[in-house]
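To convert, count from 1 in the sequence shown and add 348; that's the working numbering. We put the beta carbon where it would ideally sit given N, CA and C, even for glycine. Keep in mind the model is a prediction, meaning the values are calculated, not measured. Let me begin by presenting the structure, written as structure tokens, before commenting on it.
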Amino acid sequence: MTTSAVVNFKQESLWKFPMATDLSKTSLEMLFANQVGMIYVPGFFSQIECDLFVDCFDRTPMGFYESVEPPIGRSGITQFEAEGHDKNWYFDQVESHSEKLRQMCRFSRNPLTEVMNKIQSSCGLEACRAQEPAYGTYFAGLIRQINKRALLHSDYAPFQAKGWSIERAYQQLAWNLYMTDFEGGEVRVYEKAWNFMSDEKYKLQNSYGYDYQLVAGKNYLTIKPEKGDLVLFNSQNFHEVMEARGRRLSAGSFFSKIDDSIQFWS
349 MTTSAVVNFK QESLWKFPMA TDLSKTSLEM LFANQVGMIY VPGFFSQIEC DLFVDCFDRT
409 PMGFYESVEP PIGRSGITQF EAEGHDKNWY FDQVESHSEK LRQMCRFSRN PLTEVMNKIQ
469 SSCGLEACRA QEPAYGTYFA GLIRQINKRA LLHSDYAPFQ AKGWSIERAY QQLAWNLYMT
529 DFEGGEVRVY EKAWNFMSDE KYKLQNSYGY DYQLVAGKNY LTIKPEKGDL VLFNSQNFHE
589 VMEARGRRLS AGSFFSKIDD SIQFWS
């Protein structure tokens with residue numbers, strides 16, 4: 349199947365290109381600098397490799413984010429969920445979730461390992477999981493199942509993870525590797541980076557989402573990923589997942605250049 353991309357530019361763009369189709373040092377540097385809307389790598393995993401991963405995933409229990417609507421299933425733990433808890437709450441669970449991912453990948457390629465290796469070889473910097481002094485290593489490699497949609501939002505650790513080591517992730521990227529076929533479920537990234545001074549007034553009450561007035565008239569790129577495709581984008585830019593039909597299963601995490609290395613976390 350071919351992946352479709354829709355570019356909707358209503359004003360002059362700061363993106364030099366809407367989308368890059370190779371994962372290289374140049375394209376990563378452009379994505380960190382918000383000079384390209386997205387990096388799209390078709391067929392990063394083969395159809396068979398995806399099927400093997402999904403078969404192993406289906407043998408393990410899946411949880412759901414608390415207080416997130418529409419519901420999003422997930423295997424793993426996120427720093428986002430630590431809001432209202434101390435750091436021990438998160439780091440005490442990291443090893444069990446990391447072991448669960450390792451067991452899940454005994455008979456398949458590990459998405460996190462493969463992406464880290466590819467990025468390390470592309471940019472020449474060490475790729476590793478982020479560290480929190482006195483607490484340990486962050487979890488990375490979240491598996492998510494979005495059967496409906498994900499609301500308009502931005503992910504930016506300097507604002508959302510104050511007091512954690514990842515608050516130094518001033519240039520934050522996200523990767524997602526898609527493991528199943530599904531209809532709909534497009535990824536839309538807006539050329540609108542989150543800004544504390546102007547954007548929080550648009551946040552929906554009791555939700556992680558934002559009002560669409562925030563991105564009215566903004567340029568955006570929409571892509572329909574297929575099974576096995578790898579998509580990377582700057583997560584400070586507002587983004588959303590459109591209504592999906594079928595099982596939309598993906599692996600992913602955040603990463604940033606911190607202390608001369610590429611550090612990953614979920």
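Would you kindly report the start and end of the unbroken alpha helix (DSSP H) that includes M452? 435–452
What do you get for K605, buried or exposed, if any count of 16 or more other CB atoms within 10 angstroms of its CB means buried? buried
Assigned secondary structure, Q359 (DSSP; H/G/I helix, E/B strand, else coil): coil
Going by the DSSP bridge assignment, what does Y568 pair with across the sheet? N356, Y538
State yes or no: is the C-beta of L525 within less than 9 Å of the C-beta of F393? yes
Residues near G391 in its chain [Cβ-Cβ closer than 6 Å; skip 5 each side]: G576
Please tell me whether F455 and L597 are closer than 9 Å, where the distance is taken between their beta carbons. no
Between Q451, P459, A505, which has its C-alpha nearest N582's C-alpha? A505
How should M349 be labelled, buried or exposed, when 16 other C-beta atoms within 10 angstroms of its C-beta is the threshold for buried? With a pLDDT of only 44 at M349, under the threshold of 50, the placement of this residue in the model should not be trusted, and no figure is reported.
Going straight from the alpha carbon of N554 to that of G600, what length do you get? 25 Å
From which residue to which residue does the beta strand (DSSP E) around A498 run? 498–501
Per-residue DSSP class, three states only, for G594: coil
Exposed or buried, what is H587 when buried is set at 16 or more other beta-carbons lying within 10 Å of its beta-carbon? buried
What residues in its chain sit with their C-beta under 8 Å from that of L362, if we drop five residues either side in the sequence? N382, Q383, E539
On the three-state DSSP scale, how would you describe A505? helix
Using only the alpha-carbon positions, how far apart do T461 and I467 sit? 10 Å
So, with DSSP's three-state summary, where would you put K373? helix
Nearest candidate by alpha-carbon position, reference E531, set Q519, P573, D503, V537: P573
For M349, three-class secondary structure by DSSP: The predicted model places M349 with a pLDDT of 44, which falls under 50 and marks its position as unreliable; any figure quoted below should be read in that light. If DSSP states are grouped into helix, strand and coil, M349 belongs with coil.
According to DSSP, which residues form a beta bridge with G532? A592
How many Å lie between D403 and G557 at the Cα? 32 Å
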